[in-house]
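Undergrad:
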Amino acid sequence: MWALWKQHWKKSPWAKAITQFNKTAPSKDYMRIIKPLKCKQSAILMQLRTGHIPLNHHLFRIQRPKTPLCPHCGDLSVVNVKHFLLKCPKYAHKRFIHLTRPLKRKAESTSYLLSAPETLKHLFRYTDATKCLHTLQEP
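Be aware that the sequence shown starts at 1, since it is given in our numbering, and climbs by one per residue.
1) Quick check on this structure: which residue in A116, L99 and K40 has the alpha carbon closest to the alpha carbon of A129?
2) Looking at the unbroken alpha helix (DSSP H) that takes in K124, where does it start and where does it end?
3) DSSP puts V78 in a beta bridge; with which residues?
4) Give the DSSP-derived three-state secondary structure of Q47 in the structure shown.
5) Is it buried or exposed for I53, if we count other Cβ within 10 angstroms and need 16 for buried?
6) So what does DSSP say about A116, is it helix, strand or coil?
What follows is the structure, encoded as structure tokens:
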């Protein structure tokens, strides 16, 4: 059964997004990573990994914002997961406090932030501090 599911998974459109963070996906490693998380945290992690998250890049597909571009950057930066986690100057101070200071240079890697168990508490502190994903946070 597992082999059949795995074969079906590899053909799915989500496989490409997920395997950039976990080459062995679907895997028991991911289940081990999310086991200690609250339901909302595991949802945020999966949404960050797949890009199906309330950021302009994804929301623009359903015509929620008028543009996928970042309202805080004066250039043509699209608000996607990488922009939110690593680049947007609006969140630079919060990024430094919650990601860069505790994780050092490793905080510059999206795949590390979204796949290493030791980063998750810092990642969730950052997402909570930015309030950018407030619709996904615990009430």
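We put the beta carbon where it would ideally sit given N, CA and C, even for glycine.
TA: The structure says:
1) L99
2) A small fix is needed here, since residue 124 is Phe in this sequence, not Lys. Residues L120 to T130.
3) L69
4) In this structure, DSSP gives Q47 a helical state, which the three-state scheme calls helix.
5) buried
6) Correct three-state label for A116: coil.
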